[in-house]
Amino acid sequence: MPQDHVLPLLITSHGSMTLTDHYPVLHHPSDYFMIYCKKGAGRIGSQDHEFMLHEGMIYISPPQITSTYNMISEPWDFIYLTFNGSLLHRFLFALQLVDANVYPLDDMQQMIIHEIVLFQKSHHKDRDYHGSGLLYMLLIKLKFSQDHSLHEDQKENKLMFSSIISFIKQNYQHDISLTMLANQMSITEQHFNRMFKKEYQMTPITYLTRYRLLKAKELLIRDDQMTVKDISEAVGFNSPSYFGAVFKKYVGCSPIELRKKNES
1 MPQDHVLPLL ITSHGSMTLT DHYPVLHHPS DYFMIYCKKG AGRIGSQDHE FMLHEGMIYI
61 SPPQITSTYN MISEPWDFIY LTFNGSLLHR FLFALQLVDA NVYPLDDMQQ MIIHEIVLFQ
121 KSHHKDRDYH GSGLLYMLLI KLKFSQDHSL HEDQKENKLM FSSIISFIKQ NYQHDISLTM
181 LANQMSITEQ HFNRMFKKEY QMTPITYLTR YRLLKAKELL IRDDQMTVKD ISEAVGFNSP
241 SYFGAVFKKY VGCSPIELRK KNES
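Counting along the sequence shown from 1, when you hit position 226 you're at 226 in full-length UniProt numbering, and nothing is skipped either side.
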């Protein structure tokens, strides 16, 4: 297992919590702290500031800061991560993310959060390296979205694409083509592909593939009764061999290897 002096960013702990009453909870983490709100809403008091955290948002706090959490909409369901690393403070300072604050997440950033948690729950021997890479990607994308959040045309694009993302999440098990997605917005494939890539820094088909692979990894880890063929079909791949090739390209190992690593 890598140590914090080896990796510039290292996830030191993770977990989930559900608050169902209105009694305040105090927290004083020794590492940087991140909360991702899955459901409900809460109020966070930190030093002289107060933040509202709603579904789909994250709160990031530096270490050694006492925060108070108050639920305002039950149940308040959230995932938390603590993290540090040899270059973390310098890195966050460069991104202007060093102070306690809340940030809205887009669908791509929320997917990265779920990938981080999935790897942290696994027994994968390289999970710290994967977690470090995913955390780096999340923070970079967070800074990028903050720098571009004030443009009205981008806000309009987010709203338009939200229905596309929902469609992908609800129908990833079925055949989905670029033409099918573009038709939902009544624009050409080329224009849709260009707009989507500008918004999410990847093509819609790449987004679909990554979401399918996320669901495949969940099944590989959680359901040892399903075969690779069953899983490939369950997440929308028509060919198990193609699924295996795509899985290895994106994940770095075969589906069977990932399952074995998590069993050891």
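Glycine included, every Cβ here is placed at the ideal spot set by N, Cα and C.
According to the neighbour-count rule (16 or more other Cβ atoms, all chains shown, within 10 Å of its Cβ), is residue i buried or exposed?
{"i": "V6", "result": "exposed"}
{"i": "T18", "result": "exposed"}
{"i": "S16", "result": "exposed"}
{"i": "L26", "result": "exposed"}
{"i": "K217", "result": "buried"}
{"i": "M71", "result": "buried"}
{"i": "S73", "result": "exposed"}
{"i": "Q184", "result": "exposed"}
{"i": "A245", "result": "exposed"}
{"i": "S162", "result": "exposed"}
{"i": "residue 289", "result": "Since the first residue shown for the chain is 1 and the last is 264, residue 289 is missing from the structure and cannot be characterised."}
{"i": "residue 326", "result": "The shown model of the chain, from 1 to 264, leaves out residue 326, and the question about it has no answer."}
{"i": "S132", "result": "buried"}
Report back the beta-carbon spacing between residue i and residue j to the nearest angstrom; my notes put them in contact at under 8 Å.
{"i": "L9", "j": "L97", "result": "No, L9 and L97 are not in contact; Cβ-Cβ is about 12 Å, not under 8 Å."}
{"i": "T181", "j": "I164", "result": "The sequence shown places Leu at residue 181, rather than the Thr named in the question. About 6 Å separates the two Cβ atoms, so the contact holds."}
{"i": "K248", "j": "P240", "result": "Rounded, the Cβ-Cβ distance is 13 Å, inconsistent with contact."}
{"i": "Y80", "j": "H22", "result": "That belief does not hold up - the Cβ atoms of Y80 and H22 are roughly 20 Å apart, past 8 Å."}
{"i": "R194", "j": "Y250", "result": "In fact, because the Cβ distance is near 23 Å, the residues do not count as touching under 8 Å."}
Closest to residue i by CA distance: which of the options is it?
{"i": "K141", "options": "H174, L95, L53, H27", "result": "L95"}
{"i": "R212", "options": "Y136, K169, L118", "result": "K169"}
{"i": "M160", "options": "D175, K121, I58, I187", "result": "I187"}
{"i": "P62", "options": "M195, R43, I35, I79", "result": "I35"}
{"i": "L105", "options": "P29, S13, D128, I60", "result": "I60"}
{"i": "E50", "options": "Y69, K38, L138", "result": "Y69"}
{"i": "I58", "options": "P29, S122, Q109", "result": "Q109"}
{"i": "G42", "options": "S30, I221, E55", "result": "E55"}
{"i": "K39", "options": "L53, V246, W76, H191", "result": "W76"}
{"i": "T227", "options": "K125, M52, L258", "result": "L258"}
{"i": "T20", "options": "M52, S67, F78", "result": "F78"}
Would residue i and residue j qualify as a contact pair, given that the criterion is a beta-carbon distance under 9 Å?
{"i": "Y32", "j": "T82", "result": "yes"}
{"i": "L92", "j": "I112", "result": "no"}
{"i": "N262", "j": "H123", "result": "yes"}
{"i": "G252", "j": "Q173", "result": "no"}
{"i": "G46", "j": "Y103", "result": "For the sequence presented, residue 46 should be read as Ser rather than Gly. No; because the gap between Cβ atoms is not below 9 Å, this pair is not in contact."}
{"i": "L118", "j": "I11", "result": "no"}
{"i": "P29", "j": "I65", "result": "yes"}
{"i": "F243", "j": "I231", "result": "yes"}
{"i": "I116", "j": "L138", "result": "yes"}
{"i": "F196", "j": "Y207", "result": "yes"}
{"i": "K215", "j": "A234", "result": "yes"}
Per DSSP, which one or two residues make a beta bridge with residue i?
{"i": "L10", "result": "N84"}
{"i": "N262", "result": "Bridge partners of N262: none, in fact."}
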